[in-house]
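Below you'll find the structure, written out as structure tokens, and then a few comments.
Residue numbers (the UniProt record's numbering): 1 to 381.
Below, the structure written as structure tokens:
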């Protein structure tokens, strides 16, 4: 073990080995740059374990993973510092982390930890998506269909950035339990992959820079307001961003799934499957965190948030960027969005708002004509 200190123009090097002290040599300061760095590292070590107390080498464990099995490393959350500052003085348990929790302890929030492991198992990268055939397919759709696809992709790219902003600025700062922070950290990584994927798709399909501009700002403004609202509670924000990932994305995902039925854009449709799976999991996690809250928003407040989100998404896909451009039925798309909202309300523990029945949607298609380009709500959803 090496320790060093600086005295004017000299460094003193003391080497301790096998309980014996060897000769002491003064080293000129001009030649001691590597030693200086080593001294700093040793000083950092001595803060945790004073060198005077480590006469026995066995007292110092250089690797905290020594003796830890693969099962331990895979299934146990990382330890947290006991000096973490609590984000809230309320009695809400998910905003507090006991200082006594250690790496060797099993996670007490098993359901949250399992959601993290599920997200971890769903990891993918943009390199897995082949866009080589999409370049040829891009000329097949009609001009209005290409217009719709390009603007949906720009909408997705902008929305994922906003979701990440909320995770970094709000949720990761407020929630303190290890399991949830693990999930949020992994979600941030996946949202970055989504953004990269959308950027690749946009660069592949869209050559005009003007077409890459995000035109529909109402959904983005709505989400940003929830990030900036200092009066909003965590529970309200959880519901709002569950609506962003569960409602705002639902109709757009459905429109791209419809392209898959036509055999178009295999790279786009495959990436859509991966991303929609991720967003569905993120929405489920938001509902799980909501259930863990002691003080939840009222059902009236939750209904208000959900209805507002539904109205914005319906306006987006029936007026600002109508799905009729690609041959889908706007009325049925509105009803589908309401069905998704009802499902979200049930997951949050409340009653339906619109009363749409799943059976009705399994029997009908979101298309203008049942004979061609049919789109049904089957196992894809």
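Where is the CB? At the ideal position from N, CA and C, for every residue including glycine.
Contact set for residue i: own chain, Cβ-Cβ below 7 Å, skip 5 residues either direction
i	result
residue 212	154, 202, 206
residue 108	none
residue 353	303, 306, 307, 341, 342, 345
residue 120	186
residue 331	none
residue 210	none
residue 287	242, 347, 348
Residues near residue i by beta carbon distance below 6 Å, same chain, minus five either side
i	result
residue 293	235
residue 326	145, 148
residue 112	179, 180
residue 245	279, 282, 283
residue 184	167, 171, 172
residue 130	267
residue 255	323
residue 156	198
residue 190	278
Cα-Cα separation between residue i and residue j, rounded to whole angstroms
i	j	result
residue 271	residue 346	28 Å
residue 252	residue 230	30 Å
residue 285	residue 117	12 Å
residue 125	residue 193	6 Å
residue 134	residue 171	37 Å
residue 333	residue 300	25 Å
residue 169	residue 140	42 Å
residue 258	residue 328	9 Å
residue 128	residue 208	26 Å
residue 338	residue 311	9 Å
residue 348	residue 243	11 Å
residue 115	residue 262	34 Å
residue 182	residue 122	15 Å
residue 314	residue 204	28 Å
residue 219	residue 247	11 Å
residue 224	residue 151	20 Å
residue 136	residue 260	15 Å
residue 351	residue 217	30 Å
residue 228	residue 138	39 Å
residue 291	residue 188	22 Å
residue 110	residue 177	12 Å
residue 143	residue 132	21 Å
Per-residue DSSP class, three states only, for residue i
i	result
residue 138	coil
residue 124	coil
residue 177	coil
residue 161	helix
residue 352	coil
residue 146	helix
residue 345	helix
residue 298	coil
residue 207	coil
residue 249	coil
residue 170	helix
residue 259	helix
residue 131	coil
residue 200	helix
residue 213	coil
residue 108	coil
residue 44	Bear in mind that a pLDDT of 39 at residue 44, under 50, signals an unreliable position, so the number given afterwards is only what the model happens to contain. In this structure, residue 44 counts as helix in the three-state DSSP scheme.
residue 229	coil
residue 272	helix
residue 192	helix
residue 329	coil
residue 383	Look at the range of the chain in this structure, 1 to 381, and you will see that residue 383 is not part of it.
residue 266	helix
residue 317	helix
Proximal residues to residue i (C-beta, below 8 Å), its chain only, five neighbours per side dropped
i	result
residue 289	94, 112, 175, 180, 238
residue 355	342
residue 226	166, 232, 236, 237, 240, 241
residue 309	222, 240, 243, 244, 247, 248, 341
residue 250	313, 336, 337, 340
Pairing CB atoms from the stretch 189-204 with CB atoms from the stretch 267-277, are three or more of them under 8 Å? yes
Inter-stretch contact at 8 Å, needing at least 3 Cβ pairs: the stretch 284-298 / the stretch 160-168: no
Hey, is the stretch 263-270 in contact with the stretch 315-331, meaning 3+ C-beta pairs nearer than 8 Å? no
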